[in-house]
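In the numbering used here, the protein residues as written are 73 to 129.
Beneath this line is the structure, given in structure tokens, with notes to follow.
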């Protein structure tokens, strides 16, 4: 597991930052809002297809 020790600070825009490579790497790997919305849309599409397969019209 990565070492999560470091100094946290908030910049002028209100974003939480850290003096730690581990925190920087976690933030860089986190999905952005567009990626999250795409993932939610994909899951909803899969659920609809599953429903339609089980209950054909």
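Just so it is clear, CB atoms sit at the ideal spot from N, CA and C, and this is done for glycine as well.
Asked: Would you identify the three-state DSSP class for residue 128, choosing helix, strand or coil?; Found: coil
Asked: Residue 74 to residue 87, Cα distance in whole Å?; Found: Residue placement at residue 74 is flagged as unreliable, the pLDDT there being 46, under the threshold of 50; the coordinate-derived value follows with that caveat. Computed Cα separation, rounded: 22 angstroms.
Asked: Measure the alpha-carbon distance for residue 122 versus residue 85 and round it to whole angstroms.; Found: 43 angstroms
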